[in-house]
Amino acid sequence: MPPVLFFYTRFDKILTMKPVLTIDPENLFRGDNKVFKALSGENIDMVFDAFSECIENRYIFVVYVPDGISRWSREAVEYFGLPGMYLKDAGHLWANYIAEDEREIYLEQIDALERGEATSLEYIMRIRNAEGVYQTTGCKAKLITDDNGKPLFFVGSIRNYERPDTIDPVTGLYSRTNLIYTIKRYLMDRVPFAVAEVGIRNYFDFNSMYGFDEGNKVLKRVAEWLQGRKAKGTFFRGDGTKFLYVVQEDAHTVGEIHAIFDGLKEFLKNDISVDGLHAELDLCGGAMHVTDMSLDASSVYNSVQYALAQAKAENRMELLVYNEEMQAKSRAHLSSLNKIRNSITNGCSGFYLVYQPIVAADDERLVGMEALIRYRDENGKVVSPNSFIPWLEKDAAFYELGCFIIRTAMNDAKRVIEFDPDFIVNVNLAYPQLQRVDFKTDLKKMIDDEGFNTKNLKLELTERCKLMDVDSLRNDMIYFKSSGMQTALDDFGTGYSALRLLISLPVDQIKIDKSFIDDIEEDFPRQCLLEAITNCASKLNINCCVEGIETERMKDYLKKNFKITSFQGYYYSKPIEIDDFIKWMKEYNNIQ
8 MPPVLFFYTR
18 FDKILTMKPV
28 LTIDPENLFR
38 GDNKVFKALS
48 GENIDMVFDA
58 FSECIENRYI
68 FVVYVPDGIS
78 RWSREAVEYF
88 GLPGMYLKDA
98 GHLWANYIAE
108 DEREIYLEQI
118 DALERGEATS
128 LEYIMRIRNA
138 EGVYQTTGCK
148 AKLITDDNGK
158 PLFFVGSIRN
168 YERPDTIDPV
178 TGLYSRTNLI
188 YTIKRYLMDR
198 VPFAVAEVGI
208 RNYFDFNSMY
218 GFDEGNKVLK
228 RVAEWLQGRK
238 AKGTFFRGDG
248 TKFLYVVQED
258 AHTVGEIHAI
268 FDGLKEFLKN
278 DISVDGLHAE
288 LDLCGGAMHV
298 TDMSLDASSV
308 YNSVQYALAQ
318 AKAENRMELL
328 VYNEEMQAKS
338 RAHLSSLNKI
348 RNSITNGCSG
358 FYLVYQPIVA
368 ADDERLVGME
378 ALIRYRDENG
388 KVVSPNSFIP
398 WLEKDAAFYE
408 LGCFIIRTAM
418 NDAKRVIEFD
428 PDFIVNVNLA
438 YPQLQRVDFK
448 TDLKKMIDDE
458 GFNTKNLKLE
468 LTERCKLMDV
478 DSLRNDMIYF
488 KSSGMQTALD
498 DFGTGYSALR
508 LLISLPVDQI
518 KIDKSFIDDI
528 EEDFPRQCLL
538 EAITNCASKL
548 NINCCVEGIE
558 TERMKDYLKK
568 NFKITSFQGY
578 YYSKPIEIDD
588 FIKWMKEYNN
598 IQ
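In my numbering, the protein residues as written are 8 to 599.
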């Protein structure tokens, strides 16, 4: 009997099955068969595209076993850089994308399928994407046979475990992953469109004053306000406090985008309160009208980001539209960034580390140093890290740079530890590192390769790390501490740092950012907040380091009035290279 397709119907909550179509497998794939025609050409493309959108964060494929021809989703072709949507002998071709040390295991599974010893495939391996970056992916696939046991289809999906979710958990809006996909679809369909991005200006002060939970409530209220608009396009959550809007271009687009911006600006100005107290927030934004379909999604996104950055830099609380003048400046900036990115792939050439001393607050003895990355271009000019680090942290190449920083910092620190066995080097961890499932393994290998004592290593979580799920962060920190390392929360008192993180995460240290202590002697509310933070940290046995110490007066004031453990800043030394650091250390400690 040939196989039968079923559909389900429901009457009075009773589930029944009714046969609707009988398929003869011997005739199904004949060229004149209507079913074959229905499942080929543009129809199968539509099925795959619709199915891919329904199954988020997965790439699907189907193999017609008798001919060895496979069909892959467009997303899979784009993300992994496959030769095309229709492939011959894809099982062995796919082996070229698998990490070399895992390839043999994969080929053994493929051979078992071909010999008829297995009917399914399941693995978690590192796969190379179109950018040449290996990412951890999982595959599940199953063999479908006809009634005679003859292999007919091999159907499966591939999941990228390192790709962020497409729905933002805080706001419920689509995430940046879905944003890039949407821009690509507009470009692929050659449909003019517009992209606008807004950022809340003084959210960091609000978050520091009222806490993480109240800050998240603001983000949720913004999302609810946006979703309440009768907008033709789609809203997305960007990084941090940024929101984006993408819409097909027509005669009303310009007015609609500016109306949304002006309305949200008024909402943040007049309708935000905490415990009955009014809290005024401000807004700036950037936009781009895209008519050049030769652009790629990254160029469009970076251009909108550039317009927003210009609005912030010029302190213009308005929506700046990307123009020709910005384009010229942006191209020069992107050219510089691309050179820096290429330097990473070329063994991190041009990159080097500098170190800033950390001293104990009680007796000002040297106790550690923080490692900071720098870049020198081909002309010998030092490029400000603020101009490339935020961009690089969103690039897959950053992971390699992060490993370079850790290895170099440990190797340099060993020279200082010769003088002080308890000396600690602080190394910043970025969001892309903690998101990688293989980071812990790579970190352990780097520590073992360098022969470095983990008691001398402190890992600082940078700002974007704090956007991660708290439970996930806690598990990471527990692992680091169990391995003998110390942990710290960097930039405490700005951005997303809050007392909630302090009591939720098993950290050894918090670092108060310079911007938090500027003019603190004249700022009574900030004095109260710093007192609360340092008292809480002290009771939890968490050290407190203040960054940005530039004068003796500032050092003495903080030491006298707050429970500070250590200081860091230009008052002691600017960040310097390791040879200069050792010279400075010998002079500071009177070592001959």
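We put the beta carbon where it would ideally sit given N, CA and C, even for glycine. Only a predicted model underlies this, so the values are computations on that prediction, with no experimental measurement involved.
- Remark: C-beta atoms of Phe213 and Val225 approach each other more closely than 9 Å.
- Spatial neighbours of Leu288 in its own chain (CB-CB distance under 8 Å, excluding positions within 5 residues in sequence) are listed in chain order as Ile207, Arg208, Asn209, Tyr210, Phe213, Val225, Leu275, Lys276, Ile279.
- With a beta-carbon spacing of about 6 Å, Ile517 and Cys551 fall inside the 8 Å limit used to define contacts.
- Within the DSSP secondary-structure output, His285 pairs in a beta bridge with Ser280.
- Going by DSSP, Pro532 is part of the alpha helix (DSSP H) stretching over 531 to 546.
- In the structure shown, Gln516 falls within a strand segment according to DSSP collapsed to helix, strand and coil.
- In the assembly as shown, Tyr93 is an exposed residue. Its beta-carbon has fewer than 16 other beta-carbons within 10 Å.
- In this structure Ala294 touches Ala201 by the C-beta definition: roughly 6 Å separates them, less than 8 Å.
- For the pair of segments examined, the region 182 to 194 was found not to touch the region 127 to 146: the number of CB pairs separated by less than 8 Å stays below three.
- Counted as a single uninterrupted DSSP element, the alpha helix (DSSP H) harbouring Phe446 occupies residues 446 to 457.
- Per DSSP, Arg381 is one residue of the beta strand (DSSP E) stretching across 373 to 383.
- For the options Leu450, Glu111, Leu468, Ala316, the alpha carbon positioned closest to that of Asn460 is the one of Leu450.
- The beta strand (DSSP E) runs lying completely inside the region 143 to 187 and spanning 3 residues or more are 158 to 167, given in chain order.
- Ile510 and Tyr141 have their C-alpha atoms spaced approximately 36 Å apart.
- Between the region 567 to 579 and the region 355 to 372 there are three or more inter-stretch CB-CB distances shorter than 8 Å, so the stretches are counted as touching.
- Inclusion of Tyr406 and Ile380 in the CB contact set at 9 Å is not warranted, their separation being larger than that value.
- Under the 10 Å beta carbon count, Asp563 is surrounded by fewer than 16 other beta carbons and is classified as exposed.
- Under the three-state reduction of DSSP output, Ala304 falls in the helix class.
- Taken atom to atom, the span from the alpha-carbon of Asn223 to that of Ala230 is near 11 Å.
- Under the three-pair Cβ rule at 8 Å, the region 255 to 270 does not count as touching the region 157 to 168.
- When DSSP states are grouped into helix, strand and coil, Gly206 belongs to the strand group.
- Arg65: member of the beta strand (DSSP E) spanning 65 to 71, first to last residue.
- Our two residues, Ala420 and Arg78, have alpha carbons roughly 53 Å apart in a direct line.
- Residue pairing by DSSP places Phe242 opposite Tyr252 in a beta bridge.
- Asp445 sits close to Thr143, with the two beta carbons spaced by under 9 Å.
- Judged by DSSP secondary structure, Tyr486 falls within the alpha helix (DSSP H) whose first and last residues are 477 to 489.
- A straight-line Cα-Cα distance of about 11 Å links Pro439 and Leu408.
- Contact annotation: Met492 and Leu464 have beta-carbon atoms nearer than 9 Å.
- Residue pairing of Cys410 in beta bridges, as defined by DSSP: absent, with no partner found.
- Distance from the CA of Gly245 to the CA of Gln317, rounded to the nearest whole angstrom, comes to 17 Å.
- Here DSSP, grouped into helix, strand and coil, assigns Gln575 to coil.
- Every beta strand (DSSP E) of 3 residues or more that sits fully in the region 85 to 127 is shown, in chain order, as 93 to 95.
- Sequence-distant Cβ neighbours of Lys319 in its own chain, meaning closer than 6 Å and more than five residues away, are Cys291.
- Per DSSP, Ile396 is one residue of the alpha helix (DSSP H) stretching across 396 to 399.
- Taken through DSSP and simplified to helix, strand or coil, Pro439 comes out as helix.
- In the three-state reduction of the DSSP assignment, Ala404 falls in the coil class, being assigned neither a helical nor a strand state.
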